[in-house]
Amino acid sequence: MDRRTTAGRLALTAIGLLIGGAFIGLAVEAARQGSGVLDAFDAWLLRIARFTFWQALLSTLLSVLPAILLARALARHPAFPGRAFILRLFAVPLALPAIVAALGVLALYGRAGFFAPFLSVAFNEHWPGIYGLSGILVAHVFFNLPLATRLFLNALESVPADQWRLATQLGMGARASFRFLEWPAMRAALPGIAGLVFMLCVTSFTIVLLLGGGPRATTLEVAIYQALRFDFDPARALVLTLIQVALAGSIVLAMSRLGASFSGDANLPVAPRRIVWHTPAETGLNATLILIGLFFVAGPMGATVIAGLRADLGRLATESAVFSATTTSLVFAGLSSLLCLILSLALVAARRALEMKRGALPATLLERATDSGAAMVLIVPPLVIGAGWFILLRHVGNVFAFAPVMVVTVNAVMAMPFAIRAIRPAYDAASARHERLCLSLGITGWSRLRLVDWPALKRPAATALAFAAALSLGDLGVIALFGSDQVQTLPYLLLQRMGSYRTADAAGLALFLGLLCLALMFIADRLGREKT
Numbered sequence: 001m002d003r004r005t006t007a008g009r010l011a012l013t014a015i016g017l018l019i020g021g022a023f024i025g026l027a028v029e030a031a032r033q034g035s036g037v038l039d040a041f042d043a044w045l046l047r048i049a050r051f052t053f054w055q056a057l058l059s060t061l062l063s064v065l066p067a068i069l070l071a072r073a074l075a076r077h078p079a080f081p082g083r084a085f086i087l088r089l090f091a092v093p094l095a096l097p098a099i100v101a102a103l104g105v106l107a108l109y110g111r112a113g114f115f116a117p118f119l120s121v122a123f124n125e126h127w128p129g130i131y132g133l134s135g136i137l138v139a140h141v142f143f144n145l146p147l148a149t150r151l152f153l154n155a156l157e158s159v160p161a162d163q164w165r166l167a168t169q170l171g172m173g174a175r176a177s178f179r180f181l182e183w184p185a186m187r188a189a190l191p192g193i194a195g196l197v198f199m200l201c202v203t204s205f206t207i208v209l210l211l212g213g214g215p216r217a218t219t220l221e222v223a224i225y226q227a228l229r230f231d232f233d234p235a236r237a238l239v240l241t242l243i244q245v246a247l248a249g250s251i252v253l254a255m256s257r258l259g260a261s262f263s264g265d266a267n268l269p270v271a272p273r274r275i276v277w278h279t280p281a282e283t284g285l286n287a288t289l290i291l292i293g294l295f296f297v298a299g300p301m302g303a304t305v306i307a308g309l310r311a312d313l314g315r316l317a318t319e320s321a322v323f324s325a326t327t328t329s330l331v332f333a334g335l336s337s338l339l340c341l342i343l344s345l346a347l348v349a350a351r352r353a354l355e356m357k358r359g360a361l362p363a364t365l366l367e368r369a370t371d372s373g374a375a376m377v378l379i380v381p382p383l384v385i386g387a388g389w390f391i392l393l394r395h396v397g398n399v400f401a402f403a404p405v406m407v408v409t410v411n412a413v414m415a416m417p418f419a420i421r422a423i424r425p426a427y428d429a430a431s432a433r434h435e436r437l438c439l440s441l442g443i444t445g446w447s448r449l450r451l452v453d454w455p456a457l458k459r460p461a462a463t464a465l466a467f468a469a470a471l472s473l474g475d476l477g478v479i480a481l482f483g484s485d486q487v488q489t490l491p492y493l494l495l496q497r498m499g500s501y502r503t504a505d506a507a508g509l510a511l512f513l514g515l516l517c518l519a520l521m522f523i524a525d526r527l528g529r530e531k532t
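The following block contains the structure:
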C-alpha cells in the first residue's frame, strides 16, 4: 500500500475521532438524561431557532443585494485610480477576527461611539447603541458585503473579453449589457454566494455574543455556550447542538449542490482590458455606490484603529496577563497551523495517489473521502465540537485542563478547507510532472516529500500556514468554552475586559490582535501571489 494512502487514512481517522468524539459525548449525556433532553424542547428553543433563521436571512439579503450593485459598478469601471486599493480593503474583513470587527462597530455606532451624537440628534433622543438585531445585521453586512462583492466581481471578470467587445460594437448601453452579459454571469453565482453568506450568518457566534444584547437576540450557538458555561444544562445544550448540526448539515448539502465555495477566494483575476461606454449619470451613480461601500467597510476599521490608539498601549504592553495571553495565542496558532498543514498534506497526497492508481475507473469511497474529508468539519461548527467534547471530558477530569489540546486540534481542523485549497493545485501539478520518474527510481515516503514535492510546495505551504495561524489567532469559539484564568488567549482576554467594562483596554487589545492577524494574512497573500 502506498504510504500516502496510509497517511490519508490516518488523517481521516483523526478528523473522524474529533467529530465522532463530540457526538459520543452528546450520546452519553442523552442516555443519562433521557427525559431531560425531551423536556428541553420548549417555546424558548423554538424562538431561538426562529431568530437564528431570521437574522441569517436578513443578513444575507442586506449583504448580497447591495453586493450585486457594487460588483457591477466595479466591473463597469475596470481601471479607475484606487480600484486596486478598494479591492484589497475589501479583503481585510476576511482576515479580521470577529471580535475585533464587533468592537469596531461598537466604536462607530455604540452609545458612546463616534456617530452617537449625530444619531441622537437624528432620532431626537439619547442614542441607546446598536445592540440587538440591528447590531448583528450591521456586523454581518460588514463581513459579508465585501466577500459577496468580490465573488460577484470574480464571476463578472470571467465573462470573455470578446463578448464585451461585441457588446461595444453593437452599441449596447448599460441596461442591455446588464441583461445579456452581466446578470447571466451573476445569476449563475448567486445561489452559491447567497448560500455561503447564509451559512456564515447561521453559524455566527462572536458577533451575536457581543452585539446580541440579550435573550431576544440569541442564536443557537450562543445558546449552546450559555447553557454550558453559565447554566450548566447539558440536556438543553444537547438539543441545541443537534438542531445546529442538522441545520448546518442541510446548508452544506444545499451549498455543495449549488457549487458554492466554502472558503471564498480572496484573490481576484486581473480586470480584463475592455472598453465600456458610460453616460455621465451612470458614472455618477456607480461612483456613489463605490464610495458608500468604501465608507461602510472602512468605517469600523478606522474606528478600531482610533479607539485602540486612545488606549494606554504602553501599560497594556507591560501587563503580565497580556504578555501571557499573547504568548499562548501565538503558541496555539503555531501548533494549529502546523497540525493543519500535516493533515491537509496527508489528504491531498492520498487523494492524488488514489486517483493515479484507479486510472479511468470510478472514484472509490476512500478517494471521495480524502477529497471532501475536510468539508466534514463545516457540518459541525467549532463551538458544537467543543460542546460535545466539553460534555464528554467532564466525566474524565477537569475539563479546563484539556483546553490547549482542544483549541489547537479544533482550530487546525477548521482551517483545513483553506489549507487544502492553497496546496492542492501545486501538489497535483508536481505529481503530474514527477510521478512516473519517482515510480521508476523508487523514490517514496519522506525522500519523495523532501526531494521532489517540497520544492513545489514551499510557498503554498507557507501560505496555508500563515492563513491557518491567522484563523486560529482570532478564534473565540472553542476557547470561550474551555478558557479559564490559567489558559487565556488574546480573544478570551479581550472578552473578559469587555465583560468587566474595561472598554479602553478592550479597544487596545482589539487593535493589537487585528494587526497580528492582518500581518499574517498579508504574508499569506504575498506568498500566494509569488510564482512557484
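Numbering (the UniProt record's numbering), first residue to last: 1 to 532.
Note that beta-carbon positions come from the ideal geometry of N, C-alpha and C, so glycine has one too.
Just so it is clear, the structure is predicted and the values come from calculations on it, not from any experiment.
Beta carbon of residue i nearer than 8 angstroms to that of residue j
i    : j    : result
Y290 : L74  : Per the sequence presented here, residue 290 reads as Ile, with Tyr not at that position. Yes, these two residues count as a Cβ contact at 8 angstroms.
I420 : L457 : no
V408 : L339 : yes
G474 : P491 : yes
T304 : A139 : no
A369 : L12  : yes
G135 : V105 : yes
S63  : A148 : yes
G386 : M416 : no
T327 : V487 : no
I379 : A248 : yes
A461 : R4   : no
I15  : V410 : no
A91  : T206 : no
S158 : A167 : no
L58  : L137 : yes
G132 : A217 : yes
P78  : P146 : no
E182 : R83  : no
Nearest residue (CA-CA) to residue i, options the options
i           : options                : result
L87         : L145, R150, V121       : R150
A321        : G8, R526, T489, R3     : T489
T219        : A56, Y131, L345, A246  : A56
P455        : A429, R352, A311       : A429
L516        : A466, V478, G445       : A466
M172        : F118, G104, T279       : T279
F390        : A176, L210, L513, F402 : F402
H126        : F115, T364, L513       : F115
F80         : V208, T283, A506       : T283
residue 535 : P234, S344, F152       : In this structure the chain extends from 1 to 532, so residue 535 is not present and cannot be described.
F418        : M498, S337, D485       : S337
L240        : R50, R310, L181, G214  : R50
residue 538 : L70, L65, R502, G21    : For the chain, the structure presents residues 1 to 532; residue 538 sits outside this window and is missing.
D2          : K357, F180, L316, L335 : K357
A506        : L313, R436, L366       : L313
Whole-angstrom C-beta distance between residue j and residue i, which should lie under 8 angstroms
i    : j    : result
G25  : G442 : About 46 angstroms; that fails the 8 angstroms criterion.
A223 : I48  : 5 angstroms
V413 : H434 : Their Cβ separation, rounded to whole angstroms, is 29 angstroms, which puts V413 and H434 out of contact at 8 angstroms.
F142 : P300 : 6 angstroms
L211 : A43  : At roughly 24 angstroms, the Cβ-Cβ gap does not stay under 8 angstroms, so L211 and A43 are not in contact.
A469 : A7   : So it is not a contact: roughly 22 angstroms between Cβ atoms.
A298 : S472 : In fact, because the Cβ distance is near 26 angstroms, the residues do not count as touching under 8 angstroms.
A504 : L238 : Actually they are not in contact, since the Cβ atoms of A504 and L238 sit about 39 angstroms apart, beyond 8 angstroms.
L383 : G477 : 4 angstroms
N286 : L200 : Wrong, their Cβ atoms sit about 27 angstroms apart, outside the cutoff.
F198 : I130 : Contact flag wrong, Cβ pair sits at about 22 angstroms.
R450 : C438 : About 12 angstroms; that fails the 8 angstroms criterion.
L341 : A464 : 6 angstroms
M498 : A95  : Not a contact, Cβ separation roughly 21 angstroms.
A307 : A107 : 4 angstroms
S195 : A254 : It is Gly, not Ser, that sits at residue 195 in the sequence shown. About 6 angstroms separates the two Cβ atoms, so the contact holds.
V202 : T364 : The pair is not a contact, with the Cβ atoms about 33 angstroms apart (cut-off 8 angstroms).
L392 : V28  : 7 angstroms
Residue i beta carbon near the ligand GDP (any heavy atom closer than 7 angstroms)
i    : result
L145 : The ligand GDP is absent from the structure shown, which contains no ligands of any kind.
Would the segment 220-235 count as touching the segment 175-192 if we require 3 or more Cβ pairs under 8 angstroms? no
Notebook entry, point to check: Is the segment 310-328 touching the segment 383-401, taking contact as three or more C-beta pairs under 8 angstroms?
Noted result: no
**Prompt:** Does the segment 493-500 come within contact of the segment 337-357, defined as at least 3 CB pairs closer than 8 angstroms?
**Reply:** no
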